[in-house]
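Working notes for the structure below.
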Amino acid sequence: MALSSPSPTRTERHDQIRLLILAAILFVSYLCIGLSLPAVPVFVSGQLGLGNSLAGLAVGIAFIATFLMRGPAGLMSDRRGPKAAVMRGLILYISGATASLFVGLPGLNPWLACVILLAGRFVLGLGESFVAVGIIAWGISIVGPSRSGKVLALVGAAIYGALALGAPFGLLLLSHIGFAGTMLLATILPMLGLIVIWRLPATAPAPASPRPGFLRIIAQIWPFGIVVYLQGVGFALIGTFFSLYFLAQGWSHAGLGLTAFGIGFVAARLFFGGLPDRIGGLPVAIFSLAVAAVGQFTIWVAPGPVTGLTGALLTGLGVSMVYPAMGREVVRRVQPHLRATAVGGFSAFQDLAYGLTGPLAGLLADRAGLGSVFLTGAITALCGLIVAVILLRAGGGGLPSGESQKQL
Numbered sequence: 011m012a013l014s015s016p017s018p019t020r021t022e023r024h025d026q027i028r029l030l031i032l033a034a035i036l037f038v039s040y041l042c043i044g045l046s047l048p049a050v051p052v053f054v055s056g057q058l059g060l061g062n063s064l065a066g067l068a069v070g071i072a073f074i075a076t077f078l079m080r081g082p083a084g085l086m087s088d089r090r091g092p093k094a095a096v097m098r099g100l101i102l103y104i105s106g107a108t109a110s111l112f113v114g115l116p117g118l119n120p121w122l123a124c125v126i127l128l129a130g131r132f133v134l135g136l137g138e139s140f141v142a143v144g145i146i147a148w149g150i151s152i153v154g155p156s157r158s159g160k161v162l163a164l165v166g167a168a169i170y171g172a173l174a175l176g177a178p179f180g181l182l183l184l185s186h187i188g189f190a191g192t193m194l195l196a197t198i199l200p201m202l203g204l205i206v207i208w209r210l211p212a213t214a215p216a217p218a219s220p221r222p223g224f225l226r227i228i229a230q231i232w233p234f235g236i237v238v239y240l241q242g243v244g245f246a247l248i249g250t251f252f253s254l255y256f257l258a259q260g261w262s263h264a265g266l267g268l269t270a271f272g273i274g275f276v277a278a279r280l281f282f283g284g285l286p287d288r289i290g291g292l293p294v295a296i297f298s299l300a301v302a303a304v305g306q307f308t309i310w311v312a313p314g315p316v317t318g319l320t321g322a323l324l325t326g327l328g329v330s331m332v333y334p335a336m337g338r339e340v341v342r343r344v345q346p347h348l349r350a351t352a353v354g355g356f357s358a359f360q361d362l363a364y365g366l367t368g369p370l371a372g373l374l375a376d377r378a379g380l381g382s383v384f385l386t387g388a389i390t391a392l393c394g395l396i397v398a399v400i401l402l403r404a405g406g407g408g409l410p411s412g413e414s415q416k417q418l
């Protein structure tokens with residue numbers, strides 16, 4: 011007797027397992043970034059003695075590199091398949107972390123160490139672009155564009171879960187085994203991801219079709235990218251300056267800022283990850299940005315560490331759903347063979363926020379104090395809210411049942 015074809019329930023279960031494997035690979039690999047994110051500014055400003063501006067640049071340059079590589083990463087994923095993009099990204103991860111490892115060795119001139127660190131962080135950022143875009147495209151190819159919001163939510167939970175775990179662990183390692191030891195572990199983690207990804211079956215690349223230019227794709231999705239850019243400032247400020255702010259105030263638990271942020275972020279993704287697919291992206295983004303603004307303002311006025319950590323938690327809750335909410339609006343506007351490129355271009359707006367916030371806010375911190383940067387974060391979140399409201403009133407993204415958008 012012939013075997014019957016798998017039921018939809020079994021198929022959906024199989025797809026869910028594949029998504030979870032991809033998310034686990036992303037989680038383990040992203041610990042490479044999570045370990046270094048709070049350790050790098052503390053190392054540059056403290057051990058190298060080079061100030062807040064260079065500390066911010068050392069963090070931000072990775073995101074600038076990611077921004078520059080989003081288009082090529084999406085194009086590679088569309089043409090050669092997501093697996094090829096992810097593997098290239100993991101190899102770049104390993105290379106960048108290895109270069110950063112040598113910075114922690116004794117005897118290096120501080121300025122030479124900073125140059126090598128900036129180069130390593132730049133390569134690390136290149137790798138992040140390929141890994142993230144590849145995993146997102148891979149996930150969407152498994153479950154389809156109608157559930158793209160869920161894929162983006164799961165990807166974000168993996169990324170920021172890794173940051174939440176990696177941040178305090180990175181500072182703990184920095185204090186016990188030094189910067190070189192911390193970067194050694196950051197080198198090993200993407201190696202584990204590469205071993206697992208090597209054994210996974212690849213999905214076929216999108217069929218060859220006429221492609222509009224990258225700038226034409228950006229022209230269609232840039233309003234949603236602006237919203238993501240404005241929400242990205244809050245995370246960048248916490249990742250770069252939260253530990254420094256707590257240390258300057260003499261408060262305890264400086265390494266728990268990203269942990270509190272990550273708890274809020276992951277909780278929102280787990281409980282509300284499917285919300286953009288159900289009610290539309292812009293309503294979700296508007297509420298989320300209001301919460302993020304409250305979180306940043308709370309850090310600015312915090313009289314002590316508990317209130318500061320509460321602000322970080324609220325910021326995580328707030329910014330969590332903005333990226334998948336806006337990503338859903340982007341994915342439904344482009345044809346299948348352009349999705350990875352569109353997601354890459356859309357993600358570049360967030361990378362730009364991460365890349366520019368560190369050095370610019372560092373200049374502000376040097377002149378007006380570290381606390382002032384979080385007031386700036388509250389203002390930018392409110393600006394993102396205003397843009398989202400304008401888009402909603404213009405009909406830029408409502409309920410899924412009313413969609414009738416022309417695809418590029």
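Per this note's numbering, the sequence shown starts with residue 11, numbered consecutively.
Don't be surprised by glycine CBs; every beta carbon is placed ideally from N, CA and C.
Just so you know, these numbers come straight off a predicted model, no measurement behind them.
Counting every other CB atom within 10 Å of its CB across the protein chains shown gives ILE198 a total below 16, marking it as exposed. In this structure, the CA atom of ARG349 is about 22 Å from the CA atom of VAL294.
Taken through DSSP and simplified to helix, strand or coil, GLY314 comes out as coil.
In terms of CA proximity to GLY249, ALA264 leads the group ALA264, TYR103, ILE205 and ARG288. GLY166 and TYR333 do touch by the CB rule: their CB atoms are close to 6 Å apart, below 8 Å. The criterion of a C-beta distance shorter than 8 Å is satisfied by GLY305 and GLY328.
Under the three-state reduction of DSSP, GLN345 is assigned to coil, being neither helix nor strand.
Between PHE132 and ALA72, the beta carbon gap of about 7 Å places them in contact (Cβ cut-off 8 Å). For PRO286, the enclosing alpha helix (DSSP H) starts and ends at 285–289.
Contact between GLY365 and GLY70 holds, since their C-beta atoms are separated by about 5 Å, short of 8 Å. In this structure, LEU47 lies near LEU173, with their beta-carbon atoms less than 8 Å apart.
Contact check between the segment 380–392 and the segment 305–319: three or more CB pairs, one atom from each, fall below 8 Å, which counts as touching. Boundaries for ALA264: no alpha helix (DSSP H) harbours it, and the DSSP string shows neither H nor E there. ALA322 sits in a helix when the DSSP states are folded into three classes. Excluding residues up to 5 positions away in sequence, ASN62, SER63 and GLY66 lie with their Cβ nearer than 6 Å to the Cβ of GLY372 in the same chain.
At the C-beta level, THR76 and PRO178 stay beyond 8 Å of one another. Ranked by Cα distance from MET331, the first of SER185, GLY144 and ALA302 is ALA302. For LEU183 against LEU45, the beta-carbon gap comes to about 7 Å, under 8 Å, which counts as contact.
For GLN230, the enclosing alpha helix (DSSP H) has its first and last residue at 224–259.
Here the segment 92–101 does not lie against the segment 120–128, with fewer than 3 beta-carbon pairs under 8 Å apart. Inter-residue distance for SER357 and ALA83 is about 11 Å (C-alpha atoms, whole angstroms).
Judged by DSSP in its simplified three-state form, GLY405 adopts coil rather than helix or strand. For THR76, the uninterrupted alpha helix (DSSP H) segment begins and ends at 61–90.
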